[in-house]
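The structure under discussion appears below in the form of structure tokens.
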Amino acid sequence: MKTYTNDNAGNYASAESIGWFGYDSLVPAPPSITVTCAISNNWPQNTCLAPIFSWQSNDPDAPDASSIAGYAFTWGYTSAITTNWTTANWTQTTVFTPTDLPAGGDYTAFLHVAAKDNAGNIGAPGTFALRYTSGGTATLSPPDALKDFRVAINGNNLFTNKLTVTVSANAPGVSRAALSTSLDDSAQDWQPTPLTRTWIFTPAADNAAPRRIYAWFQDETGIEYGPYFDDIVYDPNYPRGILHITSPLSASMRTLSLFAWDDSSGISDMRLGSLASVTQSVWLPYTTTAVYTTADPVIYAQFRDRAGNPSPIYGTDGSDSSTRYVYLPLVLR
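Per the numbering used here, the sequence shown starts with residue 9, numbered consecutively.
Encoded structure:
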């Protein structure tokens with residue numbers, strides 16, 4: 009954080025740093041789960057009799073996973089998640105070996121793993137379905153033509169500012185696909201592939217939680233593959249910001265200090281200009297310092313978050329286009 013002082017004539021002193029602070033509202037990604045016997049998620053098989061699971065997540069504020077505080081997981085024989093993750097047992101454990109697998113028969117065991125970052129944000133859980141079948145010979149991996157499964161929300165974008173999105177699902181060699189926001193696939197709506205459809209998410213109290221869509225695939229023989237999934241975060245709120253002239257380099261060249269913040273997706277871009285031209289200026293990557301050349305006494309900035317929401321327009325004179333003024337006396341008739 010930096011502070012500025014100015015006198016009655018409007019002259020600004022150089023910025024003085026008074027420390028740093030951080031605000032993290034971004035949740036960790038759903039953990040990626042693997043198993044030692046190389047079985048695909050929800051793949052029919054009967055050979056993985058001693059599975060060892062491992063997982064890892066990452067956080068948008070620290071992609072190297074250094075900000076993950078811990079993991080919690082559940083293991084059972086139903087796809088429904090009934091765990092209250094806020095009171096779960098959070099540990100640094102990233103490995104699990106089940107010891108209660110039935111000796112035979114047809115069943116599916118589900119491992120659900122959630123991650124929590126150092127700020128206390130809890131992400132959506134990742135799920136691995138270990139599926140056993142007593143009939144036939146197990147296929148340990150998809151045929152070569154079926155390895156490239158694809159489900160994407162808005163082309164795999166991470167954020168959106170609209171509840172209406174476009175979902176696509178396809179894989180070479182499959183004939184049908186089904187989509188759902190639930191792991192319960194008992195009532196699948198199978199449609200021909202390649203599948204592209206519009207999906208409307210329902211409003212939720214917590215916009216920071218990722219919205220997830222699952223996809224299942226079938227080939228011509230009726231073999232089912234999945235679930236696969238994609239996530240997207242809905243961010244309807246615009247960012248906020250501020251800027252100051254820290255020092256004039258010449259009569260028309262100014263050094264600017266800028267600061268912007270956002271409650272979900274994070275700051276992506278900014279643009280500078282006069283009040284009349286700033287909304288027509290080219291978007292540039294967000295930075296906290298900039299040099300701008302103009303003869304105008306006031307410089308304006310607009311910021312944009314990663315969901316595409318533009319901010320109000322801010323000026324070096326402290327103006328804010330989202331502020332509305334009422335001048336008195338005001339007479340109502």
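Think of the CB as a built atom: it goes at the ideal place given N, C-alpha and C, for glycine as much as any other residue.
All values reported here derive from a predicted model rather than from experimental measurement.
In this structure, Q310 sits near R279, with a CB-CB distance shorter than 7 Å. Between S75 and the set D197, G84 and Q64, the nearest pair of CA atoms involves Q64. The beta carbon of P256 sits closer than 8 Å to those of R262 and T263, all from its chain and outside the five residues before and after it, given in chain order. Fewer than three Cβ pairs drawn from the region 42-58 and the region 242-255 lie within less than 8 Å of each other, which leaves the two stretches out of contact. Residue pairing by DSSP places K124 opposite G78 and I130 in a beta bridge. By the Cβ-count criterion, K124 is buried, with 16 or more other Cβ atoms from all chains shown falling within 10 Å of its own Cβ. Contact annotation: N54 and T168 have beta-carbon atoms that are not nearer than 7 Å. Following the DSSP letters along the chain, one finds E232 inside the beta strand (DSSP E) bounded by residues E232 to Y242. Here the alpha carbon of A37 sits roughly 21 Å from the alpha carbon of W224. With a 10 Å radius around the Cβ and a threshold of 16 neighbouring Cβ atoms, D114 comes out exposed.
The beta carbons of S176 and A160 sit closer together than 7 Å. Exposure of D214 is indicated by the presence of fewer than 16 other C-beta atoms within 10 angstroms of its C-beta.
Between Q199 and K170, the alpha-carbon positions lie close to 25 Å from each other. Across the structure, P110 and Y85 are spaced so that their CA atoms are roughly 11 Å apart. Relative to G274, the option among F118, P52, P318 and I60 whose CA is nearest is P318. Assignment of beta strand (DSSP E) within the region 220-308, counting only whole runs of 3 or more residues, yields 232-242, 248-256, 261-269, 275-281 and 297-301 in chain order. Leaving aside the five residues that flank T201 on each side, the residues in its chain whose CB is nearer than 8 Å to its CB run, in chain order, A177, N178, A179, V182, S183, R184, A185 and F225.
Leaving aside the five residues that flank T82 on each side, the residues in its chain whose CB is nearer than 6 Å to its CB run, in chain order, T91 and H120. In this structure, I208 lies away from L187, with their beta-carbon atoms at least 7 Å apart. Comparing alpha-carbon positions, the option among G316, G281, V306 and D227 lying closest to D270 turns out to be G316. When only Cα atoms are considered, P106 and L34 end up about 32 Å apart. Around T324, the same chain offers L251, H252, I253, V306 and I307 as residues with beta carbons nearer than 7 Å, after the five sequence neighbours per side are excluded. A Cβ-Cβ distance of about 16 Å is found for the pair G131 and Q100, leaving them out of contact under the 8 Å criterion. Listed as beta-bridge partners of A186 by DSSP are W224.
Remark: C-beta atoms of R219 and Y236 do not approach each other more closely than 7 Å.
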